[in-house]
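Visitor:
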Amino acid sequence: METTLNMPGTVALPDVHHGEEHEHHHHHESFISKYIFSQDHKTISKQFLITGIIWAIIGGLFSVLFRLQLGYPDSTFPWLEDILGRWAPGGKLSAEFYYALVTMHGTVLVFFVLTAGLSGTFSNLLIPLQIGARDMASPLLNMLSYWFFFAAGVVMLSSLFIQTGPFSGGWTAYPPLSALHDASPGSKLGVDLWITSMALFVVSSLLGGLNYIVTVLNMRTKGMTMTRLPLTIWAFFFTAVLGVLSFPVLFSGFILLLFDRNLGTSFYLSDIFIQSTERALPNEGGSAILYQHLFWFLGHPEVYIILLPAMGMASEILSTNSRKPIFGYMAMIGSLFAITILAFLVWAHHMFVTGLNPFLGAVFVLLTLLIAVPSAIKVFNWLTTLWRGNIRFTPAMLFAIGFVSLFISGGLTGIFLGNSALDIHLHDTYFVIAHFHIVMGVASFFGMYAGVYHWFPKMFGRQLNNTLGYVHFWGTIVCAYCIFWPMHYEGLSGMPRRYYDFSQWKTFNQFGELNKFITIVSILSFALQILFVFNFFYSIFKGRKLQTKNPWNSNTLEWTTPINAGHGNWPGEIPEVHRWAYDYGKDGVDHIPQTVPVGAHESKDH
Amino acid sequence: MNIWMLLGIIAMIFLVIFQIAKASEYVGVLKGEKKSREQSNKINAFLMIVFLVLGLAGAWWCNEVLAPETLFAQGSASKEGEQIDFMFMLTLLATGIIFLATQICLFVFSYMYQEKEGRKAFYLPHNNKLEIIWTIVPAIVLSVLVVIGLRHWFKITGDPPENAMVVEITGQQFGWTYRYPGPDGELGKKSYKLINIQNNGLGQDWKDKANADDVSPSKMYLIKDKPVKLVIGSKDVIHDVGLPHFRLKMDAVPGIPTTLWFTPKWTTKEMQIKLNKPDFEYEIVCDQLCGASHYAMRGIIEVVTQQEYDVAMAKLKPNYYAAFPDKDPAASQPAAKADTTAPKTVAMVTKR
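From first to last, the protein sequence lines are chains A and B. Take the first sequence: its position 138, counting from 1, is numbered 118 in the numbering used here, and each next residue is one higher. Take the second sequence: its position 185, counting from 1, is numbered 186 in the numbering used here, and each next residue is one higher.
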């Protein structure tokens, strides 16, 4: 083993210790065991990230295609027929394929990108590195978690190429539409593949989630008490708890749906007469609403599964780059905890207009609006973290600030929708689209980008190009607001979501020009994301090499590992932790890493 | 323009941006890490303020242009919807204040506290008093919104007034069928097993006498100032009766009837004059994805006066006679056919 040990106390200046020349744990690895079936959490996190990026491009492209239809309902694009064939006869998307695109866009972005790509990437990368562990509790399950995700992706992708087309009943897959083969072409084989893919995805999430929980609880290094954990870890921990408790419920919902589809059961079906076949179905006694309960019991926590990691990373990045401790660390944990609990108690706010008992609806209104309190606490704490700081605008910091801005904008519209008396007008309109795209879509994307820019040096030992990062940030935030802000107004006109064409509607056809504008901006926005992807892949190979181990002068443990650390992370012993992660600017010292023992004359605060 | 040309242009722009970005990286290295960071920090801090000002101005402008286009500008067409509009304005006020305060703080702080030579960050890990204040204040504001919201909610979802008329609306792929109880004031029994798309689209049970006078017009007639209770159902998948002008909506679920009531305020004609749109119609919007022609599932409500309503209803032939044409008294007198709307045409199946 190595000569220099990271003994506690000797690591006061982590930058002194350059670990690059040391080769540790060198069990000769083949290409396959190193890059493909790797059990190193760092490699697995890169696999999640790159797979997530590929899915984000696919899912984003879907949205560009259906935005073309919405912006230019009367135009034809011959090249569409070239690439899509019979799904775009004459260069115009067919209604069926439009709905398939909408469905796939939602599924891919929510699950493959913002769940696997976000929490899969950063939980894997940061949990062992920031708590001071050599790897996950079970590296094998961790590897399987990625490969189940990969398999889910393959199945989902295959559904795009079948005769009857991919599933087209919306990412929520409400039965009876999703349960009846004859209800729509997209409800044939497409749904079975969709359910199979989702089932594989649930397995992947559970394997990952259990691993994250066990690792955080059991494998913290000496001195790393729970209240010394960086907020990123707290966020990943609660995210994993949410996933482990709610994904199985979704799974059961999907299994019952599969039974109803193929085995003739009636869990969700009753009193149905299919117009296209002129047939009354034998199913009786089921409830279509039951599925919605099962779905949203995951579906709502899922929103926080997407959002919490972004919150955690934004907290860490805001604090580091303000050179100030995160304000109200305990309140931040408390609010994460409150959000986690409440996330399980608000699901029926998606169902106010299903004929839900009004009293039950009222309970869910109360619980839903309650969740605004911990959210407000977090926002105020972030703002106070910036106040009187000494802010460095790295691209990561810009995205973290953008995250806060979007979280405020999108979060506040949640107060409209969570109130059933308003939801009864706004439900399933563009107001909802604007709300959740801003608060959970774009905001979480910003959290993810912040994370990528911040930890890219840790992942690849190189820097992303900053200028491209600035262009990416400013362009994206302007585009995001230009796309989604005006949609609120469409929603206030009751303009429904998931419509292929509005031109025959007298109530909604005044927005034709606006829809065109939104389409143009979304294409521009997509192009900007491609710019980022280019920067990402280019910089992996050609980016500026990292000169120091700790480029952001950060306190957390991951920056004490060598640049390009091997499997096992630390060459010598795992460092011991003596303080919380946020001693920035304490007693006039710029930053005091967690590995530095508390000095005799240090002030007591925290 | 050709798509390939467009892609080519985009690629060129990318290349230019990339070259500039690459060059600026080299310049940065030459100038020194610190210097270039200071420079980009200043630019980004300045852009924070620019973004805030332009963003707020843009939001203002967006409101000027789009607010008159929304239905809020027209006012609610139902009495119950007025409460919803009030709720909306109240929530907008509360969230608007928080929005402005927090966004301004965010971007102004970012600008004010940009990194400067010699500035030391203020070590402030927590402050219990502040934290308690901003836990309690939002809690109070939200409680107020919840209380007012729930008062409206219970009113809207509560029992309709005694004098409410009843209309049944049934969704199917892809259209709506309406049914009125007729003179006996009672909707007859029905079962999906009795559905016959030729002459009994709703599956009415003809053994039930109450069905004998039930009628199905091709649009939904409602009476001004008279409360109406909708009994909502679906034959196949979940649909949703969306009534944007009246500010209400309710799902149509197969096997589980739902209800909704409201009181129309203005007749269709009054709206046409008020908005100066001679072709104005109240539209029923399907708000729940129901298949490929979901977007075309359009229904019409015509709000009329009591007299007009009576006239329209008198013209309608009960669905019963569509199923049993031989019992139709009008059938023996070929002269009196004219403008009846047979229920069969109501069950419009949009061709895919």
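Yeah, the Cβ is synthetic: ideal placement off N, Cα and C, and Gly gets one too.
Under the three-state reduction of DSSP, which class applies to I233 (chain B): helix, strand or coil?
Guide: The answer is strand: DSSP assigns I233 (chain B) an E or B state.
Visitor: Report the three-state DSSP secondary structure of R38 (chain B) (helix, strand or coil).
Guide: If DSSP states are grouped into helix, strand and coil, R38 (chain B) belongs with the helices.
Visitor: Go through its chain and collect everything with a Cβ distance to R477 (chain A)'s Cβ below 7 Å, but skip five positions before and after it.
Guide: Taken in chain order, the residues that qualify are D408, T409, Y410, V412, I413.
Visitor: Taking C-beta pairs closer than 9 Å, name the residues in chain A that F15 (chain B) reaches, listed in chain order.
Guide: Per Cβ cutoff of 9 Å: A507, I510, L511, F514.
Visitor: Identify, in the order they occur along the chain, each residue of the same chain with its Cβ nearer than 6 Å to the Cβ of V350 (chain B), setting aside the five sequence neighbours on each side.
Guide: At V350 (chain B) the pLDDT is 41, less than 50, meaning the model places this residue with poor confidence; the figure from the coordinates comes in the next sentence. Answer for V350 (chain B): no residue qualifies.
Visitor: So the candidates are A:R47, A:V501, A:W276, A:G314; which of them puts its Cα closest to the Cα of L81 (chain A)?
Guide: Comparing Cα positions, the closest option is A:R47.
Visitor: Would you say I18 (chain B) reaches chain A, if we count a Cβ-Cβ gap shorter than 8 Å as a contact?
Guide: Taking Cβ atoms only, chain A reaches closer than 8 Å to I18 (chain B), which makes this a yes.
Visitor: State the CB to CB distance for the pair A153 (chain A) and L249 (chain A), rounded to an integer number of angstroms; the pair is presumed to be in contact (CB under 8 Å).
Guide: Contact doesn't hold; Cβ gap of about 14 Å is too wide.
Visitor: Counting C-beta neighbours from all protein chains within 10 Å, is the total for F396 (chain A) 16 or more, i.e. buried, or is it exposed?
Guide: F396 (chain A) is buried by the Cβ-count criterion.
Visitor: Report the rounded CA-to-CA distance for V168 (chain B) versus K194 (chain B), giving the unit in angstroms.
Guide: Near 22 Å, if we compare the C-alpha coordinates of K194 (chain B) and V168 (chain B).
Visitor: Which bits of chain B does V587 (chain A) rub up against, with CB to CB less than 8 Å?
Guide: This structure does not reach residue 587 (chain A), given that chain A is present from -19 up to 586, and the question cannot be answered.
Visitor: With a Cβ-Cβ cutoff of 8 Å, do T178 (chain B) and L151 (chain B) count as a contact?
Guide: Cβ atoms of T178 (chain B) and L151 (chain B): not closer than 8 Å.
Visitor: Taking contact to mean at least 3 C-beta pairs separated by less than 8 Å, is the segment 346 to 356 of chain A in contact with the segment 383 to 399 of chain A?
Guide: Judged by Cβ distances under 8 Å, the segment 346 to 356 of chain A makes contact with the segment 383 to 399 of chain A, as three or more pairs qualify.
Visitor: For W267 (chain B), is the classification buried or exposed, using 16 other Cβ atoms within 10 angstroms of its Cβ as the cut-off for buried?
Guide: It is buried - the Cβ of W267 (chain B) has at least 16 other Cβ atoms within 10 Å.
Visitor: Between the Cα of P262 (chain A) and those of A:P228, A:T245, A:T219, spot the shortest distance and give me the residue it belongs to.
Guide: The residue with the shortest Cα to Cα distance from P262 (chain A) is A:T245.
Visitor: List, in chain order, every chain B residue whose beta-carbon is nearer than 7 Å to that of P476 (chain A).
Guide: By Cβ distance, chain B contributes G243, V286, D288.
Visitor: Starting from the Cα of D215 (chain B), find the closest Cα among B:K227, B:K236, B:K191, B:P228 and give me that residue.
Guide: Taking only the C-alpha atoms, the option nearest D215 (chain B) is B:K191.
Visitor: Here's the rule I'm using: 16 or more other beta-carbon atoms within 10 Å means buried, otherwise exposed. How should P165 (chain A) be labelled?
Guide: Answer is buried; the Cβ neighbour count reaches 16.
Visitor: Looking at C-beta atoms only, is the number of pairs between the segment 82 to 93 of chain A and the segment 30 to 48 of chain A that lie closer than 8 Å three or more?
Guide: With the cut-off at 8 Å, the segment 82 to 93 of chain A and the segment 30 to 48 of chain A touch.
Visitor: Return yes when the Cβ of L288 (chain A) is within less than 8 Å of the Cβ of L316 (chain A), no when it is not.
Guide: Cβ atoms of L316 (chain A) and L288 (chain A): closer than 8 Å.
Visitor: Taking the beta carbon of D567 (chain A) as the centre, do at least 16 other beta carbons fall within 10 Å, making it buried, or is it exposed?
Guide: Classification for D567 (chain A): exposed.
Visitor: With a 10 Å radius around its C-beta and 16 neighbouring C-beta atoms as the bar for buried, classify V147 (chain B) as buried or exposed.
Guide: The residue in question, V147 (chain B), is buried, as its Cβ has 16 or more Cβ neighbours within 10 Å.
Visitor: Terminal residues of the continuous beta strand (DSSP E) containing D241 (chain B)?
Guide: 240 to 244 is the extent of the beta strand (DSSP E) around D241 (chain B).
Visitor: Rounded to the nearest angstrom, what separates L270 (chain A) and E264 (chain A) at their Cα positions?
Guide: C-alpha separation (whole angstroms): 14 Å.
Visitor: Between B:L91, B:K278, B:I85, which lies nearest to H405 (chain A) when the distance is taken from Cα to Cα?
Guide: Cα-wise, what sits closest to H405 (chain A) is B:I85.
Visitor: Quick one: which unbroken alpha helix (DSSP H) runs of 4-plus residues sit fully inside the segment 68 to 118 of chain B? Chain order, please.
Guide: Listed in chain order, the complete alpha helix (DSSP H) runs (minimum 4 residues) inside the segment 68 to 118 of chain B are 80 to 113.
Visitor: Note down, in chain order, each residue of its chain lying with its Cβ closer than 7 Å to the Cβ of V578 (chain A), except the 5 sequence neighbours on either side.
Guide: Excluding residues within five positions, the ones whose Cβ falls inside 7 Å are H558, R559.
Visitor: Within its chain, find whatever has a CB closer than 6 Å to the CB of Y112 (chain B); leave out the 5 residues flanking it on each side and keep chain order.
Guide: Closer than 6 Å at the Cβ level, and outside the excluded window around Y112 (chain B), lie A46, M49, I50.
Visitor: With a threshold of 16 other CB atoms inside 10 Å of the CB of Q104 (chain B), please say whether the residue is buried or exposed.
Guide: Q104 (chain B) comes out buried.
Visitor: Does the beta carbon of H4 (chain A) come closer than 8 Å to any beta carbon on chain B?
Guide: Legend: pLDDT at H4 (chain A) = 48, less than 50; position of this residue unreliable, value from coordinates given subsequently. Not an interface residue.
Visitor: For a contact defined as C-beta to C-beta under 8 Å, what are the partners of P338 (chain A) on chain B?
Guide: Within 8 Å Cβ-Cβ: W154, F155, T158, G159.
Visitor: Run through chain A and tell me which residues come within less than 8 Å of D329 (chain B), C-beta to C-beta.
Guide: Within chain A, no residue comes near D329 (chain B); the closest Cβ sits about 25 Å away, beyond 8 Å.
Visitor: Which residues bound the beta strand (DSSP E) around R180 (chain B)?
Guide: Where R180 (chain B) is concerned, the enclosing beta strand (DSSP E) stretches over 176 to 180.
Visitor: Answer yes or no: do L444 (chain A) and G335 (chain A) have a C-beta to C-beta separation smaller than 8 Å?
Guide: Contact: no.
Visitor: List, from N- to C-terminal side, the beta strand (DSSP E) runs of 3 residues or more that fit wholly inside the segment 136 to 220 of chain A.
Guide: None, since the segment 136 to 220 of chain A contains no complete beta strand (DSSP E) of that length.
Visitor: Quick one: does W151 (chain A) have its CB under 8 Å from some CB of chain B?
Guide: Not an interface residue.
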